[in-house]
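Worksheet: the structure to be examined is printed underneath.
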Amino acid sequence: MWSSLSLSASDQVSSQAIDHAALMPLYVLAGAAIAVLLADLFVTRGRVWLLLGLSAAGSTGAAVTALLITGTGSRSSFCAAAARLRSGVDVSAACSYVTNYATTAVTVVLCVVVVVVLALSVPLLSKESAPAGEYCFLLLCSLLGAVALLGARDLLTLIVATEGLTLPVYVLVALGQARRGIASATTFFTVSVVSTAISLVGASLLYAVLGVVHFEQISQVLTARPASAEMGVLYAAMTLVLAGFLFKLATVPFHSWAPGSYDAAPLPVAAYLTTVSKVGGLFAVLLVVVGAMGDRLAQLGPVLAVLAVASMTLGNLAALRQHRVSRLLGWSSIAQLGYVLVPIGVLGVSGRGEVSQLLASSMSYLGFYLVITLVVFGALVLSRAPRDDGGALVDLAGIAVRSPWTCAALLFGLAGLAGLPPVFAGTFAKLIVLRSLIDAGAIWLAVAVVLNAVVGLAVYGRVALACFASSVAETASLPPCSSQRRRAPYVLAAAAVLAVSVTTAVLGLVPEPLFDICHRVASSLATLLM
50 MWSSLSLSAS DQVSSQAIDH AALMPLYVLA GAAIAVLLAD LFVTRGRVWL LLGLSAAGST
110 GAAVTALLIT GTGSRSSFCA AAARLRSGVD VSAACSYVTN YATTAVTVVL CVVVVVVLAL
170 SVPLLSKESA PAGEYCFLLL CSLLGAVALL GARDLLTLIV ATEGLTLPVY VLVALGQARR
230 GIASATTFFT VSVVSTAISL VGASLLYAVL GVVHFEQISQ VLTARPASAE MGVLYAAMTL
290 VLAGFLFKLA TVPFHSWAPG SYDAAPLPVA AYLTTVSKVG GLFAVLLVVV GAMGDRLAQL
350 GPVLAVLAVA SMTLGNLAAL RQHRVSRLLG WSSIAQLGYV LVPIGVLGVS GRGEVSQLLA
410 SSMSYLGFYL VITLVVFGAL VLSRAPRDDG GALVDLAGIA VRSPWTCAAL LFGLAGLAGL
470 PPVFAGTFAK LIVLRSLIDA GAIWLAVAVV LNAVVGLAVY GRVALACFAS SVAETASLPP
530 CSSQRRRAPY VLAAAAVLAV SVTTAVLGLV PEPLFDICHR VASSLATLLM
């Protein structure tokens, strides 16, 4: 039955020409990772600063290279020619790796985020709380996987790139508290391996039924409506593929690994998990849902909408019960992810919403969330000793007196996550999502967003109140900036927090540039449905 949909050898001729310009950001990151390893091996004096500099230069170089490629338009590599399946369905030419405005814009954002994470990592690495060479190498390798993921246009490339993003993070999580870090990394690794296996099973079933793996060709075959006898297997395959990527994204009910990993990981790694890792997972889901299964959005949309509401609700309610800061932020990230996913669910729930507008609202929320989250984690880095994790809420007691500027940055970020003025970036983020839901006629989803936003006020209010509580003991952990001997490693981290805070404030006052970029990214993604 399934073989009737496969290609004969004479039906398709593949053109595997490589456009090296399209792959140049990947080459830059790979070269930087190798340079970090060599420098770690041969350099002794000033090694930490050299490794951080090489890593930052590699990330910056990849961003600049991606921007230069944008000026030449869309590029592609590893392309398969147009063909006719034995079932009589014609499929157009498709490529495994494509760069366009969306991939370039997000690549630049991810590279900038990694530079900020490197700045936040200076206190950790300067005190040799983690091996600098391995740390920087793994961070660059993970970024390499994230950039490759953005350009993936077939299931196999997407799955391999996703593993490239997540595999280094297991080790980065284990670099935290010795016993807790290893335990959380093991849980993370086990869940991720299972999710990858689920995705591979789904991909193999899709190929068995459809005979193609490129997203564009999958969409074309689905539009041709396969035989009804195969629909059960087809929907099972689609569910498995999507479930595997939702595991990576930590969407309810595939979220169990996230809070523990956030709590055990070093704070800069937790910041990376909640930013770059989330963006990669979201784009993997978007490529599958919009690129490959767009013709089945009517069936997938309600499922995604329910998962988004479940993520918002469970994430906020569970965060209310947490007493450790990083674990609370881990649950908060699950809730925030629900706000990002809910417009995507509307693609199938309501036929009145325009695809590009809904995707733009999701991208806009994600953009605001990235900068605000970096402010929060940056403030936590400044408030803790290099070897410390996020600590408990009681550890924040007295920080408003001991370190008022760090406290101000933390409160600024918390207000943004809660969507409260004067941090208008967070306010605009939630209003954009609400407007897109109302315009699409999904009133029940808009109500769910409002209710969860109210619960979120209590979540972030708990952290804010902890900052003004009286310190239990004079020996409480003082903020690092109060100690002269620990001040130098924190200068770069403080500068990064200041830069991200200013960026957040500017985006709240002048959001139009971000909106324009998000609309262009959404339009680029929406073309996958055409």
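Count along the sequence shown from 1, add 49, and you get the number used in our numbering. Using N, Cα and C, we set each Cβ at its ideal position, and we do this for glycine too.
Continuous alpha helix (DSSP H) stretch holding residue i: start and end
| i | result |
| --- | --- |
| residue 153 | 150 to 169 |
| residue 297 | 280 to 298 |
| residue 327 | 327 to 335 |
| residue 211 | 204 to 223 |
| residue 73 | 73 to 91 |
| residue 432 | 404 to 432 |
| residue 320 | 316 to 321 |
| residue 465 | 453 to 467 |
| residue 324 | Here residue 324 belongs to no alpha helix (DSSP H), and DSSP marks it neither H nor E. |
| residue 261 | Note, residue 261: premise wrong, no alpha helix (DSSP H); not H, not E. |
Residue j beta carbon less than 8 Å from that of residue i
| i | j | result |
| --- | --- | --- |
| residue 552 | residue 420 | yes |
| residue 467 | residue 509 | yes |
| residue 146 | residue 71 | yes |
| residue 588 | residue 441 | What the structure shows of the chain is the stretch from 50 to 579, and residue 588 is not part of that stretch, so it cannot be assessed. |
| residue 297 | residue 244 | yes |
| residue 412 | residue 571 | yes |
| residue 262 | residue 204 | yes |
| residue 144 | residue 202 | yes |
| residue 240 | residue 305 | yes |
| residue 179 | residue 249 | no |
| residue 173 | residue 351 | no |
| residue 163 | residue 192 | yes |
| residue 254 | residue 270 | no |
| residue 394 | residue 380 | no |
| residue 18 | residue 407 | The first residue shown for the chain is 50 and the last is 579, placing residue 18 beyond what the model contains. |
| residue 376 | residue 311 | yes |
| residue 175 | residue 97 | yes |
Boundaries of the beta strand (DSSP E) in which residue i is found, first to last residue
| i | result |
| --- | --- |
| residue 126 | 124 to 129 |
DSSP-derived helix/strand/coil call for residue i
| i | result |
| --- | --- |
| residue 575 | helix |
| residue 304 | coil |
| residue 489 | coil |
| residue 518 | coil |
| residue 68 | coil |
| residue 201 | strand |
Among the options, nearest to residue i - alpha-carbon criterion
| i | options | result |
| --- | --- | --- |
| residue 188 | 359, 213, 207 and 141 | 213 |
| residue 390 | 330, 438, 372 and 422 | 330 |
| residue 447 | 461, 439, 432 and 438 | 432 |
| residue 515 | 271, 456 and 77 | 456 |
| residue 489 | 310, 474, 392 and 166 | 392 |
| residue 124 | 517, 74 and 83 | 74 |
| residue 542 | 195, 292, 150 and 427 | 427 |
| residue 362 | 155, 394, 300 and 320 | 300 |
| residue 507 | 222, 247 and 370 | 370 |
| residue 218 | 499, 199, 208 and 195 | 195 |
| residue 560 | 486, 499 and 478 | 478 |
| residue 256 | 425, 341 and 176 | 341 |
| residue 474 | 494, 140 and 564 | 564 |
| residue 234 | 141, 171 and 308 | 308 |
DSSP beta-bridge partners of residue i
| i | result |
| --- | --- |
| residue 373 | 441 |
| residue 144 | 128 |
| residue 179 | Paired residues: none, contrary to the question. |
| residue 565 | Partner(s): none; residue 565 has no beta bridge. |
Test: residue i CB closer than 8 Å to a CB of chain B
| i | result |
| --- | --- |
| residue 547 | Here chain B cannot be found, since the structure has a single protein chain. |
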